[in-house]
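Asker: The numbering of the sequence shown is this note's numbering, which starts it at 38 and goes up by one. Heads up, the beta-carbon is just placed ideally off N, CA and C, and yes, glycines get one too. Because the structure is a prediction, the values reported are computed rather than measured. What follows is a structure written as C-alpha cells; I'll ask about it next.
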Amino acid sequence: QFKRALLERFEGRDEGELAVYLGVDITRDPSAGTLKLSQAPLIHALLERAGLADCNPATTPLPPGVHFTKTPSDEVLDPALGATYREIVGALQYLATWTRVDIAHAAHVLARH
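Spelled out as C-alpha cells, the structure:
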C-alpha cells in the first residue's frame with residue numbers, strides 16, 4: 038500500500054524487494070521478522086587490497102593498551118603508501134557506519150594517524 042501511494046505521487050517503478058543498497062546486501066525474512074545487512078564483498082575486497090586476505094579473525098579489533106607512535110620526522114614515507122592507508126581507513130570507517138559498529142573505535146584510532 039505504501040509503495041503504491043509513493044508511485045502514484047512520484048515517478049518511478051516497483052522493482053521488487055530490495056536486495057542491495059550502496060554495497061550493502063539486504064536479506065529479509067518476514068516469517069522470522071528479521072532484516073540482515075552484510076557488506077561481506079566489500080570486506081573481502083578490502084582485505085585483498087590490504088594484503089590481509091589470509092589473516093586470522095580477531096575477537097577484539099584493537100587490543101586494549103595499543104598505542105601508536107609518529108614516524109620520526111626525518112623518515113620520508115612513500116606517498117602511495119600513505120594514500121593506500123587513507124583509502125583503507127576510509128573504507129573501515131564506512132563499514133563501521135553501516136554494518137560493523139564493533140570496529141568503530143579501531144577505525145577512529147587509525148584515522149588519527
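Using 8 Å as the threshold, is the C-beta distance between Trp135 and Leu74 below it?
Answerer: yes
Asker: Report all residues from its chain with a CB closer than 8 Å to the CB of Val57; omit the five preceding and five following residues, and keep chain order.
Answerer: Ile63
Asker: Which runs of the alpha helix (DSSP H) fall wholly inside the segment 70-145 and span at least 4 residues, in chain order?
Answerer: 77-86, 116-135
Asker: Using beta-carbon positions only, say whether Ala128 and Pro98 come within less than 8 Å of one another.
Answerer: no
Asker: Within a Cβ cutoff of 7 Å, which residues of the same chain sit near Ile140, ignoring the five residues on either side of it in sequence?
Answerer: Pro98, Leu129, Leu132, Ala133
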